Amino acid sequence: MAPTSTPSRPEDLRAVLRSALEAGENSGEAEPFDVDAFIAGKIAETDSDPRGGRKPSLHL
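Here our numbering is used: the first residue of the sequence shown is 82, the next is one more, and so on.
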């Protein structure tokens, strides 16, 4: 399998993740997973970061 580049825009990354998760769910290899809820939770975590407003990059 050829290496792929990491998407640079959040929308692209979200689409890649959603596609991979749906493929896993459809094949029976993965449990259903709500990508949008996961991302919203990560954003909420960084918004409430107690480290003086320092918001780390979102690494999934």
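All C-beta atoms, glycine included, are put in the ideal place defined by N, C-alpha and C.
What you are looking at is a predicted structure, and each value in this text was computed from that prediction instead of being measured.
Residues of its chain near residue i, where Cβ-Cβ distance is below 8 Å and the 5 sequence neighbours each way are ignored
i: Leu102; result: Ala111, Phe114, Val116
i: Gly105; result: Ala111
Cβ shell of residue i (< 7 Å), same chain only, five flanking positions each side left out
i: Ile120; result: Arg95
Nearest to residue i (by Cα), restricted to the options the options
i: Ala118; options: Asn107, Arg99, Ser108; result: Arg99
Nonlocal neighbours in the same chain, by C-beta distance under 6 Å from residue i, ignoring five residues either side
i: Glu92; result: none
Residue interval of the alpha helix (DSSP H) (run including residue i)
i: Ser100; result: 91-108
i: Ala128; result: In the sequence as presented, Ala is not what sits at residue 128; that position holds Asp. It spans 116-128 - the alpha helix (DSSP H) in which Asp128 sits, taken as one unbroken run.
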